[in-house]
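S.K.: Input: one structure, supplied below.
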Amino acid sequence: MLFQRYGPCLEPQSSLEENYQRTRPNNSLRSLVLNTRTIADAAGSGYVELGRTKVIAAVYGPRPPLRSSKGGVENAMKGRLTCEVVKSAYCSYSCESTRSQIGKGFSEEERLLSIRLVRAFEPILLLDKYPKCSIDIFVVLLEDDGSAFTAMTLATSLALADASIELVSIVASATVAISPKQEYLVDPDKTECEQAIALITVSLPLHATQLCEIYHIGKLSAEEWLSAVQLAVEVAQTVGNSMCQFLLQEMAKNEPSNQ
Amino acid sequence: MQFSSSGDKPLYAVPGMEICEQGNFSIGSGCYSNHSKIYASLLGRVVFHQVDTSSLQVCVVPVARTTTSTLRRSAPPTVGDVVIGKVFKVTWRAVVVDIFGTEMELFRYPFRGVIRLADVTNLKTDLHHGFRTGDIVRAQVVSLGDPQAYYLSTNDSRFGVIYATSNAGYPMEPCNENEMICTKTAIKESRKVAK
Chain A
1 MLFQRYGPCL
11 EPQSSLEENY
21 QRTRPNNSLR
31 SLVLNTRTIA
41 DAAGSGYVEL
51 GRTKVIAAVY
61 GPRPPLRSSK
71 GGVENAMKGR
81 LTCEVVKSAY
91 CSYSCESTRS
101 QIGKGFSEEE
111 RLLSIRLVRA
121 FEPILLLDKY
131 PKCSIDIFVV
141 LLEDDGSAFT
151 AMTLATSLAL
161 ADASIELVSI
171 VASATVAISP
181 KQEYLVDPDK
191 TECEQAIALI
201 TVSLPLHATQ
211 LCEIYHIGKL
221 SAEEWLSAVQ
231 LAVEVAQTVG
241 NSMCQFLLQE
251 MAKNEPSNQ
Chain B
1 MQFSSSGDKP
11 LYAVPGMEIC
21 EQGNFSIGSG
31 CYSNHSKIYA
41 SLLGRVVFHQ
51 VDTSSLQVCV
61 VPVARTTTST
71 LRRSAPPTVG
81 DVVIGKVFKV
91 TWRAVVVDIF
101 GTEMELFRYP
111 FRGVIRLADV
121 TNLKTDLHHG
131 FRTGDIVRAQ
141 VVSLGDPQAY
151 YLSTNDSRFG
161 VIYATSNAGY
171 PMEPCNENEM
181 ICTKTAIKES
191 RKVAK
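See below:
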């Protein structure tokens with residue numbers, strides 16, 4: 001068990017650990033909902049639902065940096081990427097609260113998610129084209145039913161493409177959990193994540209040959225790790241193709257018909 | 001001359017999508033090249049511009065949005081833009097300006113610009129005789145400048161103060177290149193006036 005739960009447990013009966021059964025095949029994703037332009041004020045925004053996990057991302061920029069960065073002229077000649085991830089107060093199903101003090105600053109988990117997003121997207125944005133500017137990403141996790149970071153990466157990708165920020169490629173992501181029975185479960189939900197002995201999240205830019213992030217928690221042998229990563233990469237490719245199709249359809253819909 | 005790809009259906013591009021081989025194409029906005037292939041970096045329509053008789057330029061033009069974010073320009077000023085700003089501070093060697101727009105449209109976020117002593121012509125005396133805090137000036141961006149501000153210049157007769165209020169608090173009108181006259185009290189004050 002990766003995570004131990006303490007405290008009162010008020011989830012619905014069906015997701016208690018002992019009675020849990022995965023209803024879909026091991027290889028299949030949950031239903032994916034994608035949407036852009038959900039936030040009118042932002043330069044770009046994206047909304048993703050992976051099953052019951054819901055994430056919304058907004059991108060502002062390029063705009064002058066809110067906090068002046070140190071580091072002199074060379075750093076200023078390249079754009080800067082900042083990210084703030086917030087887990088909404090109602091995002092988890094149990095009533096334990098991961099914040100030490102509600103409403104004060106960012107919790108450690110949120111800061112970790114923000115850093116991961118920045119590190120994953122920094123090589124993807126063509127920041128050289130935005131000197132002295134800052135591109136700010138704000139992500140809110142509305143409901144967490146497993147694979148939250150996957151949904152965040154997808155939402156941020158949609159938001160960046162929607163904001164017309166120059167990217168090397170669209171980024172897709174997938175999570176694979178290894179259950180105690182040594183099965184590879186694609187796109188695990190919350191109970192599966194907590195029961196798993198290992199979790200691997202992979203983010204890959206679709207049209208490039210390298211991954212931009214691998215996140216691994218748990219204990220795996222080298223062959224298991226390799227096959228889990230390969231499976232995650234395949235799943236991410238399919239998700240990414242759906243995202244590209246969605247973006248092309250949205251563009252065709254929004255183009256004025258006389259062009 | 002501008003034409004889309006063959007056929008009547010426009011070619012849409014997703015970031016990372018391969019558009020074509022490098023060949024004779026030059027790269028415009030919204031694309032990048034890698035290993036002699038041209039890829040799109042923006043979400044939009046692929047457009048080929050005829051630059052001169054032999055070469056074509058590939059651009060990806062983002063689809064226009066009609067939301068609040070297009071009421072103002074979000075892209076920062078580039079070198080050569082003529083911008084309008086309000087003087088925020090005058091020191092002995094520079095005038096600091098809050099740039100809020102170009103002549104055509106306003107910026108979504110205000111930028112900081114600086115007119116240095118060398119970039120203001122005809123002024124043998126100090127900058128206080130050319131600009132005062134609160135004046136609206138028209139200037140041209142000469143460089144990206146330092147991390148704090150863009151560098152501006154009022155080196156031409158077109159550039160300089162376009163609106164100012166006098167010490168008495170009333171708006172002033174230009175009377176010649178170096179002076180403005182208050183509309184209420186008829187007192188002249190010296191400014192670097194734009195034509």
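First to last, the sequence lines map onto chains A and B. Be aware that the first sequence starts at 1, since it is given in full-length UniProt numbering, and climbs by one per residue. Be aware that the second sequence starts at 1, since it is given in full-length UniProt numbering, and climbs by one per residue. Where is the CB? At the ideal position from N, CA and C, for every residue including glycine. Note that the structure is a prediction, hence the values are computed from the model and not measured.
What's the gap between the Cα of residue 30 (chain B) and the Cα of residue 44 (chain B)?
M.R.: Distance between the alpha carbons of residue 30 (chain B) and residue 44 (chain B) is about 9 Å.
S.K.: For the region 241-255 of chain A and the region 11-19 of chain B, state whether three or more C-beta atom pairs, one from each stretch, are separated by less than 8 Å.
M.R.: Verdict: yes, contact present.
S.K.: Below 8 Å between beta carbons: does that hold for residue 108 (chain A) and residue 87 (chain A)?
M.R.: Contact flag unset, no.
S.K.: With a threshold of 8 Å between beta-carbons, can residue 205 (chain B) be considered close to chain A, or not?
M.R.: Residue 205 (chain B) lies beyond the range of chain B shown here (1 to 195); nothing can be said about it.
S.K.: Measuring alpha carbon to alpha carbon, tell me which of A:217, A:202, A:180, A:219 ends up nearest residue 151 (chain A).
M.R.: Out of A:217, A:202, A:180, A:219, A:202 has the C-alpha closest to the C-alpha of residue 151 (chain A).
S.K.: Quick one: grab the DSSP three-state call for residue 162 (chain A).
M.R.: Correct three-state label for residue 162 (chain A): helix.
S.K.: Please report whether the beta-carbon of residue 168 (chain A) lies at a distance below 8 Å from any beta-carbon of chain B.
M.R.: Taking Cβ atoms only, chain B reaches closer than 8 Å to residue 168 (chain A), which makes this a yes.
S.K.: In angstroms, rounded to a whole number, what distance separates the CA positions of residue 59 (chain B) and residue 50 (chain B)?
M.R.: Using only the alpha carbons, I get a separation of about 11 Å.
S.K.: Leaving aside the five residues before and after residue 50 (chain A) along the sequence, list all residues of the same chain whose C-beta is less than 7 Å from its C-beta, in chain order.
M.R.: Counting only Cβ-Cβ distances below 7 Å, and skipping sequence neighbours, we find 30, 32, 147, 150, 151, 187.
S.K.: Would you say residue 154 (chain A) faces chain B, with C-beta separation under 8 Å as the test?
M.R.: No - not a single Cβ of chain B is within 8 Å of the one on residue 154 (chain A).
S.K.: Any C-beta of chain A sitting closer than 8 Å to the C-beta of residue 172 (chain B)?
M.R.: No, residue 172 (chain B) does not count as interfacial toward chain A.
S.K.: Are the C-beta of residue 120 (chain A) and some C-beta of chain B separated by less than 8 Å?
M.R.: So no, residue 120 (chain A) is outside the interface.
S.K.: Between residue 84 (chain A) and chain B, is any beta-carbon pair separated by less than 8 Å?
M.R.: So no, residue 84 (chain A) is outside the interface.
S.K.: Please report the distance separating the alpha-carbon of residue 258 (chain A) from that of residue 160 (chain B).
M.R.: In this predicted model, residue 258 (chain A) has a pLDDT of only 39, less than 50, meaning its place in the structure is not dependable; the value taken from the coordinates is given anyway. One C-alpha to the other measures close to 43 Å.
S.K.: If you follow the beta strand (DSSP E) that residue 34 (chain B) is in, where does it begin and where does it stop?
M.R.: Counting along the chain, the beta strand (DSSP E) containing residue 34 (chain B) begins and ends at 31-34.
S.K.: What three-state label does DSSP hand residue 125 (chain A) in the structure shown?
M.R.: In this structure, residue 125 (chain A) counts as strand in the three-state DSSP scheme.
S.K.: Looking at the C-beta of residue 104 (chain B), does it have a partner C-beta in chain A at a distance below 8 Å?
M.R.: No, residue 104 (chain B) lies away from the interface with chain A (no Cβ there is under 8 Å from its Cβ).
S.K.: Could you tell me if residue 66 (chain A) is buried or exposed, where buried requires 16 or more neighbouring beta carbons within 10 angstroms of its beta carbon?
M.R.: The residue in question, residue 66 (chain A), is exposed, as its Cβ has fewer than 16 Cβ neighbours within 10 Å.
S.K.: Pull up the distance between the alpha-carbon of residue 174 (chain A) and that of residue 25 (chain A), whole angstroms please.
M.R.: About 16 Å.
S.K.: Would the beta-carbon of residue 46 (chain A) fall within 8 Å of that of residue 162 (chain A)?
M.R.: In contact: residue 46 (chain A) and residue 162 (chain A) (Cβ atoms closer than 8 Å).
S.K.: CB-CB under 6 Å to residue 1 (chain B), same chain, minus the five flanking residues each way: which ones, in chain order?
M.R.: Reliability fails at residue 1 (chain B), whose pLDDT of 39 lies under 50, so the model's placement of it is uncertain and no value is given.
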